[in-house]
Amino acid sequence: MTELIITEKPQAAEKIANALSDGKLIKNVKNKVVYYEITHKGNKIYIGCAVGHLYGLSEKTKSKWGTYPIFDIEWKPKFEIDKSANYTKPYLTVLKQLGKEANKIIVATDFDIEGSVIGYNIVTKALGKKDARRMKFSTLTKDELIDSYEHSLPHLEFPMIYAGEARHNLDWFYGINLTNALSTSIKIGSGKFKVLSSGRVQSPTLKLIVEREKEIQKFIPETYWEIFLDGLIKNNKLLAKHYKDKFNNHSDVKKILDKTKGSKAFVTKIEKSITNQSPPTPFDLTTLQIESFKQLRISPKETAQIAQELYISGLISYPRTSSQKLPSSIGYKKILKKLSELNDYSMECQELLTKKSLIPNEGKKTDPAHPAIYPTGENESISGNKLKLYDLIVRRFLAVFGEPAKRQSVIAKIDVNKEIFTVSGITTIEPGWHILYGKYADFKEEELPEMKEGDEVKIKKIYDEEKQTQPPKRYTQASIIKKMESLNLGTKSTRASILDTLYDRAYVKNQPIEATELGIRIVDTLRKYSPEVLDEKLTSTFEKEMEQIEKGKKTKEEVILHAEKILKVILKKFKENEKLIGIELADATKETENKMNELGECIVCKKGKLRIMYSKLSKKRFVACDQYPNCKTTYSLPQQGLIKSAGVCKHDGFVQVMIIRKGKRPWALCLNQDCPSKKNWSNSNNF
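Structural data, given as structure tokens:
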């Protein structure tokens with residue numbers, strides 16, 4: 010018996026090979042693609058891998074530019090669709106060769122919608138089979154991989170596959186057709202070609218950001234006043250505030266200031282209350298992204314990437330989960346015993362292991378495929394952001410088993426000639442789970458001076474402060490993902506990448522997130538001519554329909570047909586207004602490009618602005634002053650990667666840019682060739 014196990018990534022193939030091998034592990038290489046040959050209980054097993062999706066959707070017959078709508082699509086090898094995916098070809102070739110030698114196929118891709126589609130496409134299209142066995146695991150630890158192999162499911166999980174196929178179809182239909190429609194409109198309206206993307210999740214998400222931006226732009230601040238009492242009680246400082254909080258009329262403020270002038274102040278009432286603060290719930294991917302951004306300032310996209318690396322290393326469970334449940338089957342004590350061997354967590358783990366029972370404080374969210382994110386207890390040397398995120402995940406896991414914390418609130422009322430001021434404090438009296446969560450349990454501690462009813466407060470002064478109401482806050486990367494989840498926009502795995510697309514298309518900028526003129530104009534134009542594209546309820550409806558497919562209550566054909574029907578109506582309106590749409594978007598496109606290309610003041614002439622320019626002769630980009638020919642200042646730029654303004658260099662005050670290259674960490678570049686920061690640089694490494 011010869012078996013072939015198919016994994017989603019090369020690292021997973023290596024983990025499974027090491028876990029299942031009874032003896033010698035043979036590592037083979039064909040066209041730079043690694044696969045493994047092992048024996049397990051007498052069975053010969055090949056372990057081959059994909060590199061994510063090896064197949065993608067494409068038109069059956071290529072249409073001429075500007076054609077839409079397009080619905081006649083099929084799955085094709087990715088290297089046939091996109092030249093940049095040529096690296097996938099040898100992986101497909103190796104899997105086909107191994108499949109010919111195998112009597113049994115086992116799919117061991119990630120047990121989620123995307124992993125299921127990846128495995129299904131390889132089984133049906135590359136290997137010509139209709140079905141295969143399925144390994145289901147949530148960690149890449151040896152014990153779980155062996156158990157998953159020996160108890161593999163007899164069939165592929167077809168409802169999950171069909172839901173995934175429907176999602177890919179809908180994303181293609183909306184993404185390609187709406188992008189074609191917008192780009193064609195720009196070409197017709199302005200005579201210039203410009204790719205403007207749209208999508209069934211991207212556009213409603215952009216609308217949320219634009220609506221917030223408009224709220225901020227329309228906001229008119231209102232003046233109000235607050236009254237404070239600055240005093241001493243038993244020689245301890247005390248700052249109290251009038252109980253009415255805000256005053257809209259300064260004449261009312263003046264009356265109170267006059268009334269309290271020269272009066273004495275006494276504590277009239279002290280109210281104390283104790284609240285139990287439950288431990289946090291386990292992490293699902295979204296809450297991990299939100300907490301990681303809040304605590305570590307790691308972006309949602311990077312959090313997902315790092316979590317995936319930790320999973321592949323066997324250090325945590327599968328991260329792309331919606332679950333906030335930790336079943337006892339994962340072995341709480343076993344994990345805690347392993348973690349107790351690590352110095353950073355030894356004391357906390359030993360404390361938890363003394364408890365009679367370990368009961369996690371679970372959340373409401375579930376996932377049929379995977380539990381919440383948890384550490385496996387395996388040990389490996391890590392550093393940087395990987396270590397920071399791992400520490401957060403471990404601390405959260407420990408904290409969910411902790412005891413509730415007790416927090417005491419104290420409110421004191423102070424009477425000054427019948428005008429009431431209040432001062433409040435809050436302290437932790439029993440830390441409970443706070444100890445286990447460590448530095449991440451960062452709660453405000455405000456202890457009031459000791460006092461009792463009847464005590465006199467010595468008044469230093471009573472005064473007012475003029476303030477203004479503040480506009481709504483812009484979304485952060487974490488808060489927009491939280492909002493998307495609440496509206497059922499996108500999935501746990503796609504939300505961060507959708508946000509990335511909005512930045513790449515220059516629809517949004519900065520952090521917190523600010524809509525650009527182009528982003529605002531796109532939303533305005535879509536609202537005018539095609540409001541359905543912006544409707545988050547429509548997108549949410551499709552998400553629910555895909556969940557119905559997964560539950561076996563709808564067919565993928567029904568959902569795809571429904572999407573086609575709606576999209577035909579949307580695109581018909583688009584076609585009728587192509588020129589108007591193009592004209593409205595052309596100016597915004599140019600204005601946004603100009604702003605994005607502006608880097609700062611010219612340090613030489615002090616009059617012009619430095620901008621990114623493009624040479625008509627060499628086709629290369631460079632930086633030049635817009636006061637040319639009066640100022641001939643220019644600077645070289647790297648020719649690869651996205652370039653964004655990065656403010657002023659701290660070393661010499663010159664303008665600097667941020668270079669963003671795919672798969673590489675962004676880096677700042679000062680335009681001054683003689684900048685002190687470049688002493689250890691080799692120009693050839695950077696340009």
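Using the working numbering, you'd call the opening residue of the sequence shown number 10 and step up by one each time. C-beta: ideal position from N, C-alpha, C; glycine also.
8 Å CB neighbourhood of residue i in its chain, flanking five on each side removed
| i | result |
| --- | --- |
| valine 262 | Trp234, Ile236, Phe256 and Asp473 |
| glutamate 541 | Leu547, Ile575, Val578 and Ile579 |
| asparagine 27 | Leu34 and Lys151 |
| lysine 415 | Ile283, Thr284, Asn285, Gln286, Thr437, Ile438, Glu439 and Gly441 |
| isoleucine 315 | Ile307, Asn394, Lys395 and Leu398 |
Cβ-based neighbour list, residue i, same chain, cut-off 6 Å, excluding 5 preceding and 5 following
| i | result |
| --- | --- |
| valine 466 | Gly240, Ile242, Ala274 and Ile423 |
| serine 355 | Ser349 |
| leucine 149 | Lys24 and Gly323 |
| proline 289 | Ala408 |
| leucine 367 | Tyr341 and Phe410 |
| glycine 372 | Thr290 and Gln333 |
| serine 212 | Val542 and Leu543 |
| alanine 378 | Phe120 and Asp121 |
| leucine 651 | Ile669 |
| glutamine 20 | Ile321 |
Three-way DSSP call (helix, strand, coil) for residue i in this model
| i | result |
| --- | --- |
| phenylalanine 167 | helix |
| serine 322 | coil |
| asparagine 245 | strand |
| threonine 214 | helix |
| threonine 295 | helix |
| asparagine 694 | For asparagine 694, the predicted structure reports a pLDDT of 46, less than 50, and the residue's modelled location is therefore unreliable. A value from the coordinates is still provided. Of the three classes helix, strand and coil, the one that applies to asparagine 694 here is helix, per DSSP. |
| serine 549 | helix |
| threonine 485 | coil |
| glycine 756 | Summary: the structure shown does not reach residue 756, with the chain confined to residues 10 through 696, and so no result is reported for it. |
| lysine 145 | coil |
| serine 282 | strand |
| isoleucine 229 | coil |
| phenylalanine 302 | helix |
| methionine 667 | strand |
| histidine 160 | coil |
| valine 219 | helix |
| isoleucine 155 | helix |
| isoleucine 522 | coil |
| glutamate 224 | helix |
| tyrosine 252 | coil |
| isoleucine 307 | coil |
| glutamate 12 | strand |
| glutamine 477 | strand |
| asparagine 130 | helix |
| leucine 238 | strand |
| glutamate 543 | Correcting the residue type first, residue 543 is leucine in the shown sequence and not glutamate. Helix, per DSSP. |
Residue burial classification, residue i (beta-carbon count within 10 angstroms, cutoff 16)
| i | result |
| --- | --- |
| lysine 246 | exposed |
| glutamine 479 | exposed |
| glutamate 753 | The question about residue 753 has no answer here: the residues shown for the chain are numbered 10 through 696. |
| lysine 167 | In the sequence as presented, lysine is not what sits at residue 167; that position holds phenylalanine. Label assigned to phenylalanine 167: exposed. |
| asparagine 692 | Confidence is the limiting factor: at asparagine 692 the pLDDT is only 47, short of 50, which leaves the residue's position unreliable, though a coordinate-based value still follows. Under this definition asparagine 692 is an exposed residue. |
| glutamate 552 | buried |
| glutamine 682 | exposed |
| phenylalanine 430 | buried |
| leucine 626 | exposed |
| isoleucine 529 | buried |
| tyrosine 623 | exposed |
Nonlocal neighbours in the same chain, by C-beta distance under 7 Å from residue i, ignoring five residues either side
| i | result |
| --- | --- |
| glutamate 46 | Ile35, Asn37 and Tyr55 |
| asparagine 52 | Met10 and Glu12 |
| leucine 401 | Glu300, Ser301, Gln304, Leu305 and Tyr449 |
Any C-beta of chain D under 8 Å from that of residue i
| i | result |
| --- | --- |
| aspartate 293 | No chain D is present in this structure, which holds just one protein chain. |
Which ranges would you report for the alpha helix (DSSP H) in the segment 405 to 467 if only whole runs of at least 4 residues count?
442 to 446
Mind the definition here: the segment 534 to 545 touches the segment 508 to 519 only if three or more C-beta pairs lie below 8 Å; say whether that holds.
no
Curious, which full-length alpha helix (DSSP H) runs of at least 4 residues does the segment 491 to 519 contain?
504 to 513
Taking the runs of the alpha helix (DSSP H) that are 4 residues or longer, which of them lie wholly in the segment 45 to 121?
87 to 90 and 98 to 110
Should the segment 82 to 99 be called in touch with the segment 188 to 202, which here means at least 3 C-beta pairs below 8 Å?
no
With three or more C-beta pairs closer than 8 Å as the rule, is the segment 297 to 310 touching the segment 483 to 501?
yes
Jot down the residue ranges of each uninterrupted alpha helix (DSSP H) in the segment 326 to 395, minimum 4 residues, whole runs only, in chain order.
341 to 348 and 355 to 362
List in chain order: all unbroken beta strand (DSSP E) runs of 3+ residues lying wholly within the segment 576 to 644.
607 to 610, 618 to 623 and 630 to 634
Is it the case that the segment 604 to 615 contacts the segment 567 to 574, given that we only count it when at least three CB pairs across the two stretches are under 8 Å?
no
For the 8 Å Cβ check, are there 3 or more pairs between the segment 114 to 131 and the segment 165 to 174?
yes
Within the chosen definition, does the segment 323 to 333 reach the segment 293 to 300 through at least 3 CB pairs nearer than 8 Å?
yes
Touch test, the segment 136 to 148 against the segment 63 to 72, Cβ-Cβ under 8 Å, three pairs minimum
no
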